[in-house]
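Read in the working numbering, the sequence shown has 3 at position 9, and its numbers run on one by one without any break.
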Amino acid sequence: MANNSEFSSKIGLIAATVGSAVGLGNVWRFPAETQANGGAAFLLVYVICVLLFGIPVMLGEFAIGRAGKSDAIDSYRKLSPGKPWWISGFLGILCSYLILTFYMVVSGWTLEYLYQSLSGELFTPIPGVEEGSNLQFADRMQEYVAGIWPPMVWTWITITICGAVLCMGVQKGIERVSNILMPLLFLILIILCVTAMTLPKASEGLAYFFHPDFSKITPDVCISALGQAFFSLSLGMGTLITYGSYFKKDTNLTKTAFTVSILDMLVAILVGMIIFPGVMSFGLEGESFGGSALVFVTFPEIFNRMWCPQLWSSLFFILLSVAALTSSISIAEVSIAYFSNHFKMKRIPATCMVLIPLVLLSALSSLSNGVLSDWTIFGYTIFGACDAFTANILMPLGAFIMAVYLGWFAPKGMMKDQLTNGGTIRNRLAGTVMFLLKWITPILIVIIFGASVLMK
Ligand code: PFF
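Structure below.
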């Protein structure tokens, strides 16, 4: 996607933006965060975060990108020359790079599981583990993730595939692929959801996911929900500024932001409705089944109880791989757009410059789940630190700076102009969005962080 290019159609831009938003964050990270943060209480705070922070911040990013018509740093520079606001874009690029270091690793796991599903290996019993035992998939996952070569090689394969697509130019490939595969992802999720409803303890799973225990809502839960909302909607790191710069003049930003956010939330909720009935029905509540392993353990368990497990598992991991790929590409696009724009680099060298260092960094991140697990930063492994610091600190911080910029320092009328397409469309929400960005978003981010620091 050259920097001055635009998405070719409305559906294409929605599909590509949903492609960025719907990814491992919805299927892998969301259920793990929900389980670690009190189930339904987390879901409730998460939905509030999406509506109150997510949608206004998404609109802010779209507006900066389309008004600045450039990458995450340069758009700020064009809109406010000589002012330091571009630092927010710089933080975004830094954050996006850190995210890539673990996102590519998990995308690699997804490819490995796709391979094992297609070959049937995933459903062959592990020697020494009783067939049908809950430990089948959990053991396999734990052993795989802690290994040296296989997860690293699959990570590199993922980087290569992303690199190839990015070098070819994303627009046609991604738009077209997203147009077909995103609806299919929904279809498969709905089928799996219906199947999950037939599991023996489905109602317990649904109660866990939908009936909040308000006493579980703590500042830490709020920070995690905020982090998850930002991560899942691809906010706070310049991706949507970059994509916004590819939007046409007549794109309705508000409709786009609502459509993308609601579809993204729907995917997360469908995933929860599949996973938690599975967790309850197969007794997978214990520690070792939580966290990152959840999706790689519970989904295969569910498939194993369906007709033709290999088929469902293959379909699911194909689509999960695509979701991971479209998101990875959008994350890498932030840096590539910057290099090709700022240093006037051609697409291929810019892509190589971004992806080659990632080969080493993602290898370190992968190894930190096994042999390098003793290398810790504030008690986190390299892999865990990149995840926790980006989603819980850098992304909300980037959004805080952006909201302050848009609410108080951006060129007068810019935001309104973008929300109404230069006054050509009516937008009854424009005033509310600007009020939220000016007051509510920055103040609530400060309160949530302040409360969490004071409670420690
Ligand atoms: N939103 C993606 C997901 O939920 O997996 C992850 C992501 C993509 C985060 C792009 C940030 C980003 F800029």
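C-beta: ideal position from N, C-alpha, C; glycine also.
**Report entry** Buried or exposed by the 16-neighbour rule on C-beta atoms within 10 Å, applied to F293
**Finding:** buried
Query - Exposure label - M(-5); buried when at least 16 CB within 10 Å - result: With a pLDDT of 40 at M(-5), under the threshold of 50, the modelled position of that residue is not reliable, and no figure is offered here.
Query raised in the report: Straight-line CA distance for I5 to F225?
Result: 23 Å
Requested in this report: Return yes when at least one heavy atom of the ligand PFF lies under 8 Å from the C-beta of D258, else no.
Outcome: yes
Query - 9 Å Cβ cutoff met for S329 and Y138 - result: no
Requested in this report: Confirm, please, whether the CB-CB distance from G102 to T151 is below 9 Å.
Outcome: Residue identity differs from the one stated: residue 151 is Ile in this sequence, not Thr. It is a contact, given that the beta carbons lie within the stated cut-off.
Query raised in the report: So does L160 have its beta carbon nearer than 8 Å to some heavy atom of the ligand ADP?
Result: Ligands in the displayed structure: the ligand PFF; the ligand ADP is not one of them.
Query raised in the report: Distance, Cα to Cα, T28 vs F36?
Result: 6 Å
Query - Heavy atom of the ligand PFF within 8 Å of N20 beta-carbon - result: yes
Report task. On the DSSP bridge assignment, give the partners of T375 in chain order. Result -> T370
Query - Length of the line joining the Cα atoms of A26 and V273 - result: 11 Å
Requested in this report: Answer with buried or exposed for G425, where buried requires no fewer than 16 other C-beta atoms within 10 angstroms of its C-beta.
Outcome: exposed
**Report entry** Residue range of the alpha helix (DSSP H) that includes S341
**Finding:** For the record, residue 341 in the displayed sequence is Arg; it is not Ser. Where R341 is concerned, the enclosing alpha helix (DSSP H) stretches over 341 to 361.
Query raised in the report: Can F225 be considered in contact with the ligand PFF, in the sense that its beta carbon sits closer than 8 Å to one or more heavy atoms?
Result: yes
Query raised in the report: Contact between the region 335 to 349 and the region 200 to 216: three or more CB pairs below 8 Å?
Result: no
Query - Terminal residues of the alpha helix (DSSP H) in which C161 lies - result: 143 to 162
Query raised in the report: Leaving out the 5 sequence neighbours to the left and right, which residues in its chain are closer than 6 Å to E360 when beta-carbon positions are compared?
Result: Going by the sequence as given, residue 360 is Ser instead of Glu. So the list reads V99, P145, M146, T149, once near-sequence residues are dropped.
Query raised in the report: Which runs of the alpha helix (DSSP H), 4 residues or longer, sit entirely within the region 4 to 92?
Result: 4 to 15, 24 to 30, 34 to 43, 49 to 62, 66 to 73
Query raised in the report: What residues in its chain sit with their C-beta under 8 Å from that of L88, if we drop five residues either side in the sequence?
Result: L388
Query raised in the report: If you pair each beta-carbon of the region 294 to 308 with each one of the region 39 to 50, do three or more pairs fall below 8 Å?
Result: no
**Report entry** Collapsed DSSP secondary structure at T468 in the structure displayed
**Finding:** Examination of residue 468 is not possible in this model, given that the chain is present from -5 through 450 alone.
Query - 9 Å Cβ cutoff met for W58 and L400 - result: Note that residue 58 corresponds to Ile in the displayed sequence, not to Trp. Their beta carbons are under 9 Å apart, which means I58 touches L400 by this criterion.
Query raised in the report: Beta carbon of N20, beta carbon of V261: below 9 Å?
Result: yes
Query raised in the report: What is the DSSP secondary structure of M396, counted as helix, strand or coil?
Result: helix
Report task. Take every Cβ of the region 101 to 116, pair it with every Cβ of the region 60 to 69, and state whether three or more of those distances are shorter than 8 Å. Result -> no
Query raised in the report: Does the ligand PFF have even one heavy atom less than 8 Å from the beta-carbon of L234?
Result: yes
Query raised in the report: Which stretch, first to last residue, makes up the alpha helix (DSSP H) that contains A404?
Result: It is not in any alpha helix (DSSP H) - A404 carries neither H nor E in the DSSP assignment.
Requested in this report: Just confirm the distance between the C-beta atoms of G17 and S362, as a whole number of angstroms; I'd bet it's less than 8 Å.
Outcome: G17 to S362, Cβ: 21 Å. No contact.
Requested in this report: Grab me the residues of F311's own chain with a C-beta within less than 7 Å of its C-beta, minus the 5 sequence neighbours each way, in chain order.
Outcome: T104, Y107, L108, S111
Query raised in the report: Is there a Cβ from chain C that is less than 9 Å from the Cβ of D65?
Result: No chain C appears in this structure, which consists of one protein chain only.
Query raised in the report: Going straight from the alpha carbon of P194 to that of S275, what length do you get?
Result: 6 Å
Requested in this report: Would you tell me roughly how many angstroms separate the C-alpha atoms of S334 and E295, rounded to the nearest one?
Outcome: 45 Å
Query raised in the report: When the distance is taken between beta carbons, is L430 closer than 9 Å to L46?
Result: yes
Query raised in the report: Does DSSP classify Y138 as helix, strand or coil?
Result: helix
Requested in this report: Compute the Euclidean distance between the alpha carbons of G83 and P119, then round it to the nearest angstrom.
Outcome: 49 Å
Query raised in the report: By Cβ distance, which residues of its chain are closer than 6 Å to A397, with the 5 residues on each side in sequence left out?
Result: L431, T435, P436
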